[in-house]
RNA sequence: GUGACCAUAGCUCAACAGGCAGAGCACCUGGUUGUGGCCCAGGAGGUUACGGGUUCAAGCCCCGUUGGUCACCCCA
């Protein structure tokens, strides 16, 4: 058997990079405009970091999907499954709580989860992640949401909407969850097996069920936004007020939840055109207790994670074309050994002057070199032979029109730069 | 972890009811001197994912494995 990528892993090929470069450039540019600073935590961290402070059920699930290893010195380490934990760790480790508030950070890189591959879900995927730390203002929630929205919007995505919910805080949520449990327990006979289990493991999760029976029950189920404390309610109202002021489309979705319990108040997703079972392009929310959970001071935070692989898949599906990648516009052809040396020199000279250029390798016939030039889709083929060398000149062939001109060597670079719109 | 569908050349796909494994695209060479694209001729490329079984005979039928796709579970 030949070698192939591991299950759930894939190569990102040159053709994919038409999209990748565009998306990544756009993301970085946007982060700059919003005033976020880039950081890049290591891909490997202590396993405990990723399991910190989670309720038992969650920790088991998480552990199962974690790529964990024992290092040669016996340390328990894992490939990061998310950015947030690493960013929190870096925040505390480097004393960022002493930086002027808020601290706004972003990171781009691969994340790893040992899960069964599915549409838009891989074992390795690349995420663009932004966090805003040390600020409670609902305008901070808005900013994170807007950052995500702008990325999709400026890439050309259509029909974008926010799905928005508030799941309260440690003050008001327990009472709400009790009400929710009570409601479902009253209808236990109509609740499918899957959701009965959810109800006992992670009650909020029942809200985003796919069971038709449960969906019907949810029509009359208590909603978290109706059970917020005064502070949470005010926060939510301000946020929706800002969204309205900016005319950003949003839908309050009382069924929107997160799987982990460190989220407070705001949870959101951006939805676009269908992507199989997942129509969420990205998800984010507020997590005021996270910094504390890795040993730092109590610090509010909001963040979002944006899957780049998913963006690229979606762009392909919707026929959004990225700008073409730059490619060499010149190929230098040659005839004879003396000319070959000159050709090598010329290519090097061109590149030094910012002209992307290719050398015809080997010593094949001019005919075959022209064939290569044609396939490389260059704009000009430069020919060096005995005649040209004798005159210290180069024959320039326009590969589109077939027109040929003899250009004196000293004038060549500027002649090309003018025509190729370089500098 | 559970389930469904799928796997033939680099890519997209053919191959009657089980009877010699093919096409298009891409690739390489040639069509005589220092000129590409179009055209023409030729070439290379396969253990039909892998392992077993049934059969005179398996790409095709049966079992298993691996991988892919999709959904469930889960979702940082």
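Residue numbers (our numbering): 5 to 427. Cβ coordinates follow ideal geometry from the N, Cα and C atoms, glycine included.
Check: Does the region 374 to 387 come close enough to the region 285 to 296 to have 3 or more Cβ pairs within less than 8 Å?; Outcome: no
Check: Using only the alpha-carbon positions, how far apart do residue 196 and residue 161 sit?; Outcome: 37 Å
Check: Considering only their Cβ atoms, is the gap separating residue 147 from residue 136 smaller than 8 Å?; Outcome: yes
Check: Let me check understanding here. Comparing Cα to Cα, which of 17, 25, 16 lies closest to residue 328?; Outcome: 25
Check: Quick one: Cα of residue 154 to Cα of residue 310, how far?; Outcome: 12 Å
Check: Quick one: what's residue 176 bridged to in DSSP?; Outcome: DSSP output for residue 176 lists no bridge partner at all.
Check: Helix, strand or coil, according to DSSP, for residue 40 in the structure here?; Outcome: coil
Check: Would you report the Cα separation of residue 361 and residue 404, rounded to the nearest angstrom?; Outcome: 17 Å
Check: Below 8 Å, how does it come out for the region 77 to 97 and the region 42 to 59: are there three or more Cβ pairs, yes or no?; Outcome: yes
Check: What residue does the beta strand (DSSP E) around residue 114 start on, and which one ends it?; Outcome: 107 to 116
Check: Return helix, strand or coil for residue 47, following the three-state DSSP convention.; Outcome: coil
Check: What residue range is occupied by the uninterrupted beta strand (DSSP E) comprising residue 137?; Outcome: 128 to 137
Check: What did DSSP end up calling residue 315 once you bin it into helix, strand or coil?; Outcome: helix
Check: Taking DSSP as the reference, what is the three-state secondary structure of residue 374?; Outcome: helix
Check: Based on the DSSP secondary-structure assignment, which residues constitute the bridge partners of residue 149?; Outcome: Note: residue 149 sits in no beta bridge, so no partner.
Check: Return yes when the Cβ of residue 210 is within less than 8 Å of the Cβ of residue 218, no when it is not.; Outcome: yes
Check: Could you check whether the Cβ of residue 16 sits closer than 7 Å to any heavy atom belonging to the ligand ZN?; Outcome: For the structure depicted, the ligand ZN is absent and the ligand set is empty, with no information on it obtainable.
Check: Which residue's Cα is closest to the Cα of residue 38: 9, 149, 317, 72?; Outcome: 149
Check: Given that a residue counts as buried once 16 or more other Cβ atoms are within 10 Å of its Cβ, and exposed if not, what is residue 318?; Outcome: buried
Check: Count the other C-beta atoms from every protein chain shown that fall within 10 angstroms of the C-beta of residue 392, then say buried if there are 16 or more, exposed otherwise.; Outcome: buried
Check: Counting only the same chain and skipping the five closest in sequence on each side, list residues whose C-beta sits under 6 Å from that of residue 1.; Outcome: Shown here, the chain extends from 5 to 427; a query on residue 1 therefore has no answer.
Check: Going by alpha carbons, who is nearest to residue 151 out of 423, 342, 336, 307?; Outcome: 307
Check: Mind reading off the beta-carbon distance from residue 12 to residue 126? Whole number of angstroms is fine, and I expect it under 8 Å.; Outcome: 5 Å
Check: In the DSSP assignment, the alpha helix (DSSP H) including residue 421 goes from what residue to what residue?; Outcome: 413 to 424
Check: Mind checking who residue 124 pairs with in its DSSP beta bridge?; Outcome: Partner(s): none; residue 124 has no beta bridge.
Check: Apply the 10 Å Cβ neighbour rule to residue 408 and answer buried if 16 or more other Cβ atoms are within range, or exposed otherwise.; Outcome: exposed
Check: Does the contact criterion of 3 or more C-beta pairs under 8 Å hold for the region 262 to 273 versus the region 162 to 178?; Outcome: yes
Check: Based on Cα-Cα distance, which residue from 42, 177, 225 lies nearest to residue 134?; Outcome: 42
Check: Which whole-angstrom value is the C-beta distance of residue 243 and residue 145, which I expect to be below 8 Å?; Outcome: 5 Å
Check: Are the Cβ atoms of residue 173 and residue 236 separated by less than 8 Å?; Outcome: yes
Check: Is residue 359 closer than 8 Å to residue 424 when the C-beta atoms are compared?; Outcome: yes
Check: Going by Cα to Cα distance, which pick from 222, 230, 164, 201 is closest to residue 187?; Outcome: 222
Check: Quick one: which unbroken beta strand (DSSP E) runs of 3-plus residues sit fully inside the region 343 to 397? Chain order, please.; Outcome: 361 to 363, 384 to 388
Check: Throw me the rounded Cβ distance for the residue 40 and residue 110 pair, which I believe falls under 8 Å.; Outcome: 4 Å
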